[in-house]
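Taken in sequence, the protein lines are chains G and B.
Using the working numbering, you'd call the opening residue of the first sequence number 508 and step up by one each time.
Using the working numbering, you'd call the opening residue of the second sequence number 60 and step up by one each time.
Cβ coordinates follow ideal geometry from the N, Cα and C atoms, glycine included.
As the structure is a prediction and not an experimental result, all values here were calculated from the model.
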Amino acid sequence: MGDNNSFEPECPLPTFEKKTILLAHGGGGRLMQELIRGVFLRSFDNTLLRQLHDGATFPVEKGTLAFTTDSYVVSPLFFPGGDIGSLAVHGTVNDLAMCGAMPLYLSAGFILEEGLALETLRKVVESMAKAAEGAGVQVVTGDTKVVDRGKGDGIFINTAGIGVVPPGARIGPQEVKAGDRILLSGDLGSHGLAVMSVRDGLRFTGDIESDSAPLHRVVRDLLESGVPVHCLRDLTRGGLGSALNELAAGANVGMTIEEPLIPVRASVRGACELLGLDPLYVANEGRFVAFVPEAHVEAALAAMRRHRVAQDAVQIGTVTRDSPPIVVLRTVLGTQRILDLLSGEQLPRIC
Amino acid sequence: MKYVDEYRESATAAALAETIKQTVRRPWTVMEICGGQTHSIVRFGLDALLPSNLTLVHGPGCPICVTPIGLIDQALQLASLPRVIFCSFGDMLRVPGSQGNLFEVKAAGGDVRIIYSPLDALELARANPDREVVCFAVGFETTAPAFAMAAIQARRLGLTNFSLLAAQVLVPPAMEAILSAPGCLVQGFLAAGHVCTVMGYEEYEDLATRYRVPIVVTGFEPIDILEGIAMLARQLEEGRAVVENQYTRSVRREGNVAAQAAVREVFEPTLRAWRGIGDIPHSGLKLTAAYADFDAAVRFRDALSHFGPVGGEDPDCRSGLVLQGLLKPPDCPAFATRCTPENPLGAPMVSSEGACAAYYRYRSHVKREA
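Written out as structure tokens, the structure reads:
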């Protein structure tokens with residue numbers, strides 16, 4: 508056997524160009540490296556992530572940091588107006604924004620189900636990267652795990668985010684005061700109905716698209732316009748009804764809101780009427796309420812309306828001194844009722 | 060939004076409320092039959108617009124609330140079988156049987172699916188030939204045609220893995236049970252507009268005559284309900300007792316004849332226990348002998364017979380009185396204390412159409428402040 512024919516046992520792994528996720532993609536070996544470089548790094552590329560270290564390190568400004576985390580388990584993964592990837596960015600960016608913070612960095616943890624099409628993952632990650640770029644944040648660290656087929660729902664994503672709160676801002680439920688006005692950034696219910704419209708067993712068509720969008724630039728404008736914002740809350744799971752109830756309880760104040768002033772698009776209202784859902788409890792991913800002193804309502808609305816995501820901002824109600832902390836809704840007929848917390852999910856009615 | 064906004068218009072509502080005030084001279088108690096109407100009344104605060112001498116009581120027209128605990132237990136049992144895909148309308152899932160609810164069965168591994176139409180269940184049966192698809196046929200006359208069509212369609216398609224667990228109920232026998240009960244307070248009825256859309260209202264004319272009780276077939280939007288009450292008040296004050304139709308945009312006297320024919324082909328009346336109320340003759344629907352192949356109670360007779368005796372209702376639950384209009388939910392000692400939507404003692408606290416849930420959701424401050 509001559510030198511030219513030296514025997515070098517090599518068993519090329521028949522793993523490249525896999526079309527589906529295998530358990531080995533989470534195993535720490537070559538397949539995982541391929542996934543990280545070929546999918547994640549390719550889409551999220553930035554100097555911090557490129558180091559592929561155990562974590563990202565970066566300098567921070569003096570001041571207050573905001574830190575949040577959220578997990579995303581939406582089904583189906585793609586829906587009109589968004590997907591689990593864009594949602595995982597917007598949701599966490601918005602949680603930071605509701606603290607008054609400008610988001611800087613995100614982490615991304617993926618739990619993938621064995622058998623997931625690689626192409627699906629690629630699409631989701633590209634959508635995440637696009638959403639992050641649109642929001643001006645970077646994904647700087649991450650993690651991937653693969654679970655047995657049947658033990659996940661395609662893709663679960665967790666994102667955590669870090670942001671900086673500008674000096675002087677004091678925003679939170681404890682700052683809500685009697686007399687504050689309640690401003691709503693836009694129409695309700697589009698996200699929840701958009702997801703429902705593509706669920707198995709309930710497909711309907713229409714012009715309903717998710718409102719998923721980053722909100723931190725509206726918040727920055729609000730704060731920079733000199734409005735002393737007392738509290739911000741995005742209207743995700745449980746919608747406006749749940750958010751106001753949580754804040755009323757947290758701040759120990761009452762609230763009165765005017766049903767006729769709450770914008771809901773005709774297509775969303777129609778779908779809600781058909782399904783027996785109340786749009787006030789349907790999830791949104793690009794809507795928030797702001798609590799501001801009465802004297803600053805006009806300035807706040809003007810600042811909000813400069814942004815497309817809040818161009819329909821309106822005042823919907825007032826914080827009152829009522830005790831116990833309940834939310835009262837004045838109906839279209841001028842009568843009053845309680846807007847309570849839901850017990851569990853809204854369930855479609857029989858008839 | 061067309062067909063909604065014009066029926067929620069505040070000026071019209073105020074005008075109707077004024078008409079009712081002008082009409083009512085003596086105290087009257089009237090019952091809205093349907094849970095959908097109860098929901099609208101409480102959601103829009105309509106009772107606040109009425110004069111104090113006109114009392115609204117809430118009727119038994121919530122199919123979720125009146126489905127007997129024994130049938131819920133059968134549903135839980137069938138849903139637990141490994142080969143069964145159990146299909147139900149969404150708001151049935153939280154209703155407590157004697158041992159848990161359908162959500163808990165689902166959490167324990169049962170294949171429970173929320174459907175929006177019985178035809179969805181049929182589609183599941185087609186797509187899963189190796190599984191048994193059981194559909195919980197709950198509802199009043201309104202949903203009966205859809206379940207009937209599902210059975211007819213299943214036969215046409217030759218499906219042998221589709222069946223119905225029949226829990227359908229009928230309105231007129233329940234009205235008669237309320238009217239003939241000792242201590243009945245009800246002097247007039249708002250009949251359920253959607254039930255009458257299917258069934259028409261001929262069968263109510265006999266009730267109006269025999270019990271000398273005015274009945275107005277009424278829709279579900281605030282203006283519908285106020286107009287129905289105004290028509291009822293006029294009859295009461297004038298001493299008339301006939302059937303009138305407020306919901307003319309949907310209801311004809313003869314109803315939907317084709318839908319009735321489908322129901323008659325598949326179902327026949329049977330004695331049915333109403334949760335909280337008791338047995339009412341001819342008040343339920345069961346599958347006819349010709350459709351026995353699609354009757355889950357027949358198909359799963361063995362599985363259901365292994366099923367031991369079931370527990371009863373919680374003794375603190377007064378839902379029977381609530382469903383007959385003899386007790387307002389906040390007057391129940393368990394309301395908002397032992398009994399809440401998170402831990403319901405009885406079904407009316409569960410369904411969005413249940414009177415107790417409607418009061419809890421929109422009025423619970425009355426009790427909580429006390």
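- A straight line joining the alpha-carbon of Q96(B) with that of A563(G) spans about 58 Å.
- For F248(B), the uninterrupted beta strand (DSSP E) segment begins and ends at G247 to A251.
- Between the beta-carbon of G693(G) and that of L603(G) there is about 20 Å, and that puts the pair past the 8 Å contact cut.
- The Cβ of G841(G) sits closer than 8 Å to at least one Cβ of chain B.
- When the five nearest sequence neighbours on each side are left out, the beta carbons in the same chain lying within less than 7 Å of the beta carbon of T88(B) are those of T114, V116, L244, V245 and Q246, in order along the chain.
- With respect to chain G, the C-beta atom of S69(B) has a partner C-beta closer than 8 Å.
- With the criterion set as a beta carbon lying under 9 Å from some beta carbon of chain G, the stretch 374–387 of chain B has no members that meet it.
- In the structure shown, H814(G) adopts coil according to DSSP, grouped into three states.
- At least 8 Å separates the beta-carbon of I689(G) from that of L739(G).
- Rounded to whole angstroms, the gap between the alpha carbons of L224(B) and A778(G) is 29 Å.
- The Cβ atoms of E200(B) and L229(B) sit closer than 8 Å to each other.
- Non-local C-beta neighbours of Q681(G) in its own chain, meaning closer than 8 Å and more than five positions away in sequence, comprise G757 and A758, ordered along the chain.
- For F798(G), the pairing in a beta bridge is given by DSSP as I689(G) and C738(G).
- Around the Cβ of G535(G), a 10 Å sphere holds fewer than 16 other Cβ atoms; the residue is exposed.
- Neighbours of Y421(B) across chain G, judged by C-beta separation under 7 Å: R844 and I845.
- P583(G) and H532(G) have their C-alpha atoms roughly 23 Å apart.
- Rounded to the nearest whole angstrom, the C-alpha separation of D170(B) and T78(B) is 53 Å.
- Taking a beta-carbon distance threshold of 8 Å, T838(G) counts as an interface residue toward chain B.
- Rounded to whole angstroms, T256(B) and H737(G) show a C-alpha spacing of 52 Å.
- For G745(G), the nearest beta carbon of chain B is not closer than 8 Å to its own beta carbon.
- Scanning its chain for C-beta atoms nearer than 7 Å, with the 5 sequence neighbours on each side dropped, one finds around E766(G) the residues L836, R837, T838 and V839, in chain order.
- Of all residues in the stretch 234–256 of chain B, those with a C-beta nearer than 8 Å to a C-beta of chain G are H253, reading in chain order.
- Cβ neighbours of A207(B) within its own chain (closer than 7 Å, five residues either side excluded): A321, V322, E324, V325 and F326.
- Residue state for E280(B) is assigned as coil, using DSSP reduced to three classes.
- In the three-state reduction of the DSSP assignment, V143(B) falls in the strand class, which pools E and B.
- Taking C-alpha positions only, L363(B) is separated from V193(B) by approximately 13 Å.
- Under the three-state reduction of DSSP output, A332(B) falls in the strand class.
- Non-local C-beta neighbours of N304(B) in its own chain, meaning closer than 6 Å and more than five positions away in sequence, comprise V276 and V310, ordered along the chain.
- A direct Cα-Cα distance of roughly 14 Å separates A205(B) from R214(B).
- In terms of beta-carbon proximity, G777(G) lines the interface with chain B, with at least one pair separated by less than 8 Å.
- In chain order, M60 make up the part of chain B whose C-beta sits under 7 Å from the C-beta of A773(G).
- Cα atoms of L556(G) and D650(G): separation of roughly 12 Å, rounded to the nearest angstrom.
- A Cβ-Cβ separation of about 3 Å places G335(B) in contact with G379(B) under the 8 Å criterion.
- Counting only residues of its own chain and dropping the five nearest sequence neighbours on each side, S732(G) has a CB closer than 8 Å to the CB of A806, A807, A809 and A810.
- One finds V63 in chain B with Cβ atoms closer than 7 Å to the Cβ of E780(G), taken in chain order.
- At a cut-off of 8 Å, the C-beta of G159(B) has no neighbouring C-beta in chain G.
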